[in-house]
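A.B. asks: Sharing a structure, written as structure tokens. Questions coming.
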Amino acid sequence: MRKVWLLALVLLLGSLALAKGTLQIVWFTEAPTEQAILDKYIKMYEAANPDTKVEVTYVPFQQLTQKLELMVAGNTPPDVARVVTANIAQFEPVALDLSTYVDSASFLNQFLPSQIPFIYRKSRIIGAPLDVTANGLFYNKDCFAEAGVKAPTSSLNVWTWEQWREAMDKVRNNSKCRFALSYDFTTYRFSTLLYEAGGRYIDESGKKFVVDSPQGLRALTFFADLFKDGFIPKGQWLSNDDPSTLFRSGLSGMYMSGNWNLSQFAQIKNFNWGVMPLPRDKMRSTVPGGKFVMGFKNSKNPDEAAKFIQWITSKEINLPFSKDNMVLSARKDAKGMKYGQFDDAIAIYESDLSVTPAYVGKDWANPVMAQMNTFIRGEIVKVLLGQQTPKQALETIQAEGNKLLRQ
Amino acid sequence: MGHRLGKLLTPYFFVAPNTLIFGIFVLLPMVYGLIYSFYRGNFISGLQQFVGLENYRKLLHDQAFLSSLLHTLVYVFLVVLLVVALSLALALALRATSLGTSLARIGFYLPVILSPVVVGVAWRWMFSSDLGVINALLSSLGQSPVPWLTDINWARAVVILASVWSMAGFYMVIFIGGLNTIPAELYQAAEVDGANPRQQFWQITLPLLAPTTLLVTILATINAFKAFEIILVLTNGGPGDATRLLVQNIYLTAFEGANPTYASAQSVVLFAILMLLTLVQMRVSRER
Chain A
0 MRKVWLLALV
10 LLLGSLALAK
20 GTLQIVWFTE
30 APTEQAILDK
40 YIKMYEAANP
50 DTKVEVTYVP
60 FQQLTQKLEL
70 MVAGNTPPDV
80 ARVVTANIAQ
90 FEPVALDLST
100 YVDSASFLNQ
110 FLPSQIPFIY
120 RKSRIIGAPL
130 DVTANGLFYN
140 KDCFAEAGVK
150 APTSSLNVWT
160 WEQWREAMDK
170 VRNNSKCRFA
180 LSYDFTTYRF
190 STLLYEAGGR
200 YIDESGKKFV
210 VDSPQGLRAL
220 TFFADLFKDG
230 FIPKGQWLSN
240 DDPSTLFRSG
250 LSGMYMSGNW
260 NLSQFAQIKN
270 FNWGVMPLPR
280 DKMRSTVPGG
290 KFVMGFKNSK
300 NPDEAAKFIQ
310 WITSKEINLP
320 FSKDNMVLSA
330 RKDAKGMKYG
340 QFDDAIAIYE
350 SDLSVTPAYV
360 GKDWANPVMA
370 QMNTFIRGEI
380 VKVLLGQQTP
390 KQALETIQAE
400 GNKLLRQ
Chain B
0 MGHRLGKLLT
10 PYFFVAPNTL
20 IFGIFVLLPM
30 VYGLIYSFYR
40 GNFISGLQQF
50 VGLENYRKLL
60 HDQAFLSSLL
70 HTLVYVFLVV
80 LLVVALSLAL
90 ALALRATSLG
100 TSLARIGFYL
110 PVILSPVVVG
120 VAWRWMFSSD
130 LGVINALLSS
140 LGQSPVPWLT
150 DINWARAVVI
160 LASVWSMAGF
170 YMVIFIGGLN
180 TIPAELYQAA
190 EVDGANPRQQ
200 FWQITLPLLA
210 PTTLLVTILA
220 TINAFKAFEI
230 ILVLTNGGPG
240 DATRLLVQNI
250 YLTAFEGANP
260 TYASAQSVVL
270 FAILMLLTLV
280 QMRVSRER
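Residue numbers (numbering that gives the first Met the number 0), protein chains in the order written: chain A, 0 to 406; chain B, 0 to 287.
Here you go:
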């Protein structure tokens with residue numbers, strides 16, 4: 000009899016739990032610190048909305064796209080997902096249109112203009128920006144000091160590519176950093192060089208690939224030479240070696256990555272590190288991107304999803320949330336926000352972003368770039384393996400890009 | 000009448016659970032995979048258009064697919080050859096029962112119980128071109144480092160060796176079982192007739208071990224065709240696509256290329272190859 004009562008109690012509690020609305024969130028993480036921070040904010044949301052229970056599924060960034068693709072294909076999309084630039088373009092057809100929940104003009108007006116092309120599609124609002132990302136260059140201060148290399152500290156004394164190479168050579172030969180430069184294995188990170196050389200992927204009309212240019216050739220040749228001359232360890236682009244690990248272990252003089260590493264690098268204890276402005280060629284540039292939250296139109300709780308998205312991107316929540324994560328908020332009113340120990344580093348990212356041409360963001364807001372990402376990387380790898388010349392790679396990338404644009 | 004019907008149905012009740020599991024988790028996805036392969040579509044919009052054999056026609060000109068197929072065939076041939084040779088050699092060396100051989104058997108079997116991801120990480124740790132233990136050792140001995148995982152040929156060799164290492168222990172146990180079924184009298188008679196160990200191996204051991212060898216070959220072939228995790232962790236199919244096998248190509252086509260229907264066509268081809276190989280091997284075993 001006692002068992003029957005116990006079962007009834009469990010069933011009753013279960014049904015009470017179900018009566019509460021459950022908001023399902025898929026959240027990707029890149030740093031171990033992110034989960035605890037989001038948990039704190041979820042508790043705040045639940046306290047402010049006692050009828051809602053939030054369930055967060057944390058996934059590593061590498062598994063995010065696959066997870067969302069399978070959930071969407073199975074017609075069980077999450078209510079909310081944290082995504083990157085490429086995903087928001089990919090999931091546009093199934094995105095929850097926030098314009099039916101908010102006043103579009105005032106909602107969009109909260110965010111930096113650079114993020115609007117990613118979320119605004121012909122009157123539909125397919126997501127909201129959480130933070131702005133920028134590619135950036137970290138360096139090992141101890142190795143630089145040991146090698147007698149002085150890193151540029153502001154936009155006034157930015158290195159040229161040639162100066163950058165000289166510094167790599169000195170650091171590698173005169174310090175305990177055996178490797179000059181770690182470089183993330185992504186098209187995004189390579190593209191920094193393309194834009195610095197004055198090149199771009201897609202022309203102003205958005206209908207034609209123009210990467211096969213003298214600027215493109217210069218960027219790809221310079222990049223391939225960094226491998227050939229042993230400045231970047233080949234394993235990072237040829238055999239899955241993790242560039243971040245190499246930098247964090249203190250063996251790499253510099254690391255081409257981005258601002259999202261700050262909170263993770265705050266844990267580094269074995270050496271001093273800093274951020275320097277990106278080197279310049281024909282011009283200065285970074286590659287702006289972002290992290291977004293989006294809902295899905297076939298999810299179970301679209302209304303609650305829209306409410307949560309508005310909440311987490313609101314001034315009251317997003318500013319402290321960005322500060323906790325040490326990321327650049329995508330809100331206009333975050334300008335001048337202080338981050339404490341990383342103010343100098345963040346000022347450098349902001350400086351890099353401020354000189355980046357508008358067409359860089361436009362390139363990456365084009366859905367074709369999301370499809371081209373892996374292809375471009377594959378063609379660059381063939382150059383590094385000596386299977387084709389930089390010129391052949393650019394021709395192939397351009398042909399494939401034009402084919403997709405025509406489709 | 001009822002008793003008769005019950006008797007007739009009983010065996011079906013016994014096989015029902017297995018049939019159900021097989022049907023839901025194996026047969027149904029296979030049928031779905033086959034249907035998908037005749038469509039164009041993606042994860043987001045679902046099946047969009049019936050295209051008949053278009054996906055299969057595309058495969059004939061798809062460089063990524065064809066090279067991954069070629070890599071797979073070479074990989075399977077070499078892995079199976081080495082696995083059969085090594086596991087047989089280990090079985091012959093360790094067939095006698097003593098404390099030493101038991102410990103050695105455990106040692107060689109250990110990789111089998113390790114997760115393929117762990118095997119991949121361990122081999123990566125040893126063979127990484129920049130940070131690997133082996134290159135560090137070579138450097139300390141004054142030798143120049145070897146580009147184990149960044150040179151196409153070296154990377155292929157390391158991937159094959161890692162796979163053989165992780166599989167050989169399992170097949171060694173099967174071979175030991177096979178060796179133990181060979182009657183000792185045959186060897187005694189051969190010794191009396193003056194046969195040396197080499198003659199005994201070729202004339203007695205190998206012929207009588209044929210069914211076991213066939214079983215090992217079938218199992219190793221199927222497992223080698225399905226190789227995925229070790230390679231994913233060890234080289235991620237690189238450098239370039241030098242160690243990208245068919246299964247990884249299917250995975251990349253489906254998820255990174257967001258083209259699940261085209262990936263389904265590739266899966267059907269893989270299934271057909273495995274089916275064909277199994278049928279051939281079964282035929283050979285029947286004829287024997």
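The beta carbon of each residue, even a glycine, is placed where N, CA and C say it ideally should be.
Can you pull the chain A residues whose beta carbon is under 9 Å from the beta carbon of residue 239 (chain B), in chain order?
C.D. replies: Those are 237, 377, 380, 381, 383, 384, 386, listed as they occur along chain A.
A.B. asks: Are the C-beta of residue 43 (chain B) and some C-beta of chain A separated by less than 8 Å?
C.D. replies: True, the Cβ-Cβ gap to chain A drops below 8 Å.
A.B. asks: In whole angstroms, give me the CA-to-CA distance for residue 25 (chain B) and residue 204 (chain A).
C.D. replies: Distance between the alpha carbons of residue 25 (chain B) and residue 204 (chain A): 49 Å.
A.B. asks: I need the straight-line Cα distance from residue 202 (chain A) to residue 259 (chain B), nearest angstrom please.
C.D. replies: In a straight line, the C-alpha of residue 202 (chain A) is about 31 Å away from that of residue 259 (chain B).
A.B. asks: Taking the straight line between their C-alpha atoms, what separation do you get for residue 232 (chain B) and residue 117 (chain B)?
C.D. replies: Taking the straight line from one Cα to the other gives about 9 Å.
A.B. asks: From residue 58 (chain B) to residue 279 (chain B), what distance separates their C-alpha atoms?
C.D. replies: The straight-line gap from Cα to Cα measures roughly 25 Å.
A.B. asks: Taking the alpha carbon of residue 85 (chain A) as the reference point, which residue from A:57, A:185, A:256 has its own alpha carbon closest?
C.D. replies: The candidate whose alpha carbon is nearest that of residue 85 (chain A) is A:185.
A.B. asks: Evaluate residue 45 (chain B) with the Cβ neighbour count: other Cβ atoms within 10 Å of its Cβ, from every protein chain shown; 16 or more gives buried, anything less gives exposed.
C.D. replies: Under this definition residue 45 (chain B) is an exposed residue.
A.B. asks: Would residue 70 (chain B) be called buried (16 or more neighbouring beta carbons within 10 Å of its own) or exposed?
C.D. replies: Its Cβ being crowded by 16 or more others within 10 Å, residue 70 (chain B) is buried.
A.B. asks: Please specify which runs of the alpha helix (DSSP H), each continuous and at least 4 residues long, are wholly inside the region 42–118 of chain B, giving them in chain order.
C.D. replies: Runs of the alpha helix (DSSP H) inside the region 42–118 of chain B: 53–58, 62–92, 98–112.
A.B. asks: Should the region 58–74 of chain A be called in touch with the region 24–34 of chain A, which here means at least 3 C-beta pairs below 8 Å?
C.D. replies: Flag = yes, the region 58–74 of chain A and the region 24–34 of chain A touch.
A.B. asks: What residues from the region 207–222 of chain B come within 9 Å of chain A, judged by C-beta to C-beta, listed N to C?
C.D. replies: Within the region 207–222 of chain B, no residue has a Cβ that lies closer than 9 Å to any Cβ of chain A.
A.B. asks: Chain A beta carbons: is any one of them nearer than 8 Å to that of residue 136 (chain B)?
C.D. replies: Chain A, which has no Cβ nearer than 8 Å to the Cβ of residue 136 (chain B), makes this no.
A.B. asks: Can you give me the C-alpha to C-alpha distance between residue 230 (chain B) and residue 154 (chain B), rounded to a whole angstrom?
C.D. replies: Distance between the alpha carbons of residue 230 (chain B) and residue 154 (chain B) is about 10 Å.
A.B. asks: Looking only at its own chain, which residues have a Cβ that is under 7 Å from the Cβ of residue 98 (chain B), when we skip the five neighbours before and after it?
C.D. replies: None.
A.B. asks: Report the three-state DSSP secondary structure of residue 303 (chain A) (helix, strand or coil).
C.D. replies: Helix.
A.B. asks: May I ask you to list the residues that DSSP assigns as paired with residue 130 (chain A)?
C.D. replies: Bridge partners of residue 130 (chain A): A:290, A:328.
A.B. asks: What are the uninterrupted segments assigned as alpha helix (DSSP H) that are 4 or more residues long and contained completely in the region 57–104 of chain A, given in chain order?
C.D. replies: Within the region 57–104 of chain A, the complete alpha helix (DSSP H) runs of at least 4 residues are 60–72, 84–89.
A.B. asks: When burial is assigned at 16 or more other CB atoms within 10 Å of the CB, is residue 130 (chain A) buried or exposed?
C.D. replies: Buried, by the Cβ-count rule.
A.B. asks: Is the Cβ-Cβ distance between residue 124 (chain A) and residue 105 (chain A) less than 8 Å?
C.D. replies: No, they are not a contact pair.
A.B. asks: Quick check on the burial criterion: 16 or more other C-beta atoms within 10 angstroms. Buried or exposed for residue 359 (chain A)?
C.D. replies: With 16 or more other Cβ atoms within 10 Å, it is buried.
A.B. asks: Distance, Cα to Cα, residue 15 (chain A) vs residue 309 (chain A)?
C.D. replies: Confidence in residue 15 (chain A) is poor, its pLDDT being 46 and thus under 50, which makes the residue's placement unreliable; the coordinate value appears in the next sentence. Cα to Cα, residue 15 (chain A) sits roughly 27 Å from residue 309 (chain A).
A.B. asks: Cβ of residue 239 (chain B) within 8 Å of Cβ of residue 380 (chain A)?
C.D. replies: Their beta carbons are under 8 Å apart, which means residue 239 (chain B) touches residue 380 (chain A) by this criterion.
A.B. asks: Taking any Cβ of chain A, which residues in the region 145–161 of chain B have a Cβ under 8 Å from it, in chain order?
C.D. replies: The residues in question are 146, 148, 149, 151, 154.
A.B. asks: What do you reckon, are the CB atoms on residue 442 (chain A) and residue 137 (chain A) nearer than 8 Å?
C.D. replies: As shown, chain A starts at 0 and ends at 406. That puts residue 442 (chain A) outside it, with no answer to give.
A.B. asks: By the three-class DSSP mapping on this structure, what secondary structure does residue 25 (chain A) have?
C.D. replies: Note: residue 25 (chain A) maps to strand in three-state DSSP.
A.B. asks: Report, in whole angstroms, the separation of the C-beta atoms of residue 431 (chain A) and residue 222 (chain A), which I expect to be a contact under 8 Å.
C.D. replies: A question about residue 431 (chain A) goes unanswered here, because the residues of chain A that appear run from 0 up to 406.
A.B. asks: Give me whichever residues DSSP pairs with residue 54 (chain A) in a beta bridge.
C.D. replies: BP columns for residue 54 (chain A) point to A:23.
A.B. asks: Tell whether a beta-carbon distance below 8 Å holds between residue 45 (chain A) and residue 55 (chain A).
C.D. replies: Result no, Cβ atoms of residue 45 (chain A) and residue 55 (chain A) do not sit closer than 8 Å.
A.B. asks: Could you please tell me which residues of the region 67–93 of chain A, in chain order, have their CB closer than 8 Å to any CB of chain B?
C.D. replies: Answer set for the region 67–93 of chain A: 68, 69, 71, 72, 89, 90, 92, 93.
A.B. asks: Under three-state DSSP, which class holds residue 285 (chain A)?
C.D. replies: Reduced to three states, the DSSP call for residue 285 (chain A) is coil.
A.B. asks: For the region 8–41 of chain B, list the alpha helix (DSSP H) runs that are entirely contained and at least 4 residues long, ordered along the chain.
C.D. replies: As far as the region 8–41 of chain B is concerned, its whole alpha helix (DSSP H) runs of at least 4 residues are 27–35.
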